[in-house]
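J.:
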Amino acid sequence: MNRLMRITFLSLLAAALAVPATAQSGADTYKAKCAMCHGADGLATSSTGKMLKVPSFKSPDLVKAPDSQLIEATKNGKGKMPSYNGKLTDAQIRDVIAYIRTLQK
Ligand code: HEC
Numbered sequence: 153m154n155r156l157m158r159i160t161f162l163s164l165l166a167a168a169l170a171v172p173a174t175a176q177s178g179a180d181t182y183k184a185k186c187a188m189c190h191g192a193d194g195l196a197t198s199s200t201g202k203m204l205k206v207p208s209f210k211s212p213d214l215v216k217a218p219d220s221q222l223i224e225a226t227k228n229g230k231g232k233m234p235s236y237n238g239k240l241t242d243a244q245i246r247d248v249i250a251y252i253r254t255l256q257k
C-alpha cells in the first residue's frame, strides 16, 4: 500500500470506529434509564408511556427541537420526566441525546 492509500484507509477506519462507539454508550444509557418510559424505539407506546403521557421522539416538535432543549430536559427534568442532574454526566447526556436522534430517523 502506498502512503496516501494507507492514510485514507486509516482515516476511514477511525471514522467507522468512532461513530458506533458513541452510539453504543448512548444506547446503553438509553436502554438502562430511558426505555422504560420512552420505549426501546422512542415511540412511548407501552402502558407506562401512555400512563405518563410520554411524547414520541418522532413527534415533529421533538424532531425539530434543538439538542440544547433535549439536554436541558434530561438534566433538569420536565413534568413527569425525572431529572438526571448528578446521575448522568454531561458526556453521557450528550451521548444519549445523540442516540435519541438515531431513533428519530
Ligand atoms: C419515568 C418516566 C421517564 C423516564 C425514565 C425518562 N423520561 Fe423522558 N420524558 C418523560 C415524560 C413524561 C416526558 C414529557 C415531559 C413533558 O413534556 O411534560 C419526557 C420528555 C422527554 C424529552 C422531551 C423534552 C422536551 O423538550 O419536550 C426528552 C429529550 C427526554 N424525555 C429524554 C429522556 C432521557 C434521555 C431519559 C433517560 C436518561 C428519559 N427521558 C427518561 C418520562 C420519562
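In terms of my numbering, the sequence shown is residues 153 to 257.
Built from N, CA and C at the ideal position, the CB exists for glycine as well.
Report the residue ranges of all beta strand (DSSP E) runs contained in full by the segment 189-236; include only those spanning at least 3 residues, in chain order.
T.: Here no run is fully enclosed.
J.: Taking three-plus beta-carbon pairs below 8 Å as touching, is the segment 244-252 in contact with the segment 178-187?
T.: Taking 8 Å as the limit for Cβ pairs, the verdict is that the segment 178-187 does touch the segment 244-252.
J.: Measuring alpha carbon to alpha carbon, tell me which of 207, 226, 176, 204 ends up nearest residue 235.
T.: Considering only alpha carbons, the answer is 226.
J.: Compute every distance between the C-beta of residue 206 and the non-hydrogen atoms of the ligand HEC, then say whether any falls below 7 Å.
T.: Indeed, a heavy atom of the ligand HEC lies less than 7 Å from the Cβ.
J.: Taking the alpha carbon of residue 208 as the reference point, which residue from 218, 219, 192, 220 has its own alpha carbon closest?
T.: Looking at the Cα atoms, 192 is the closest of the given residues.
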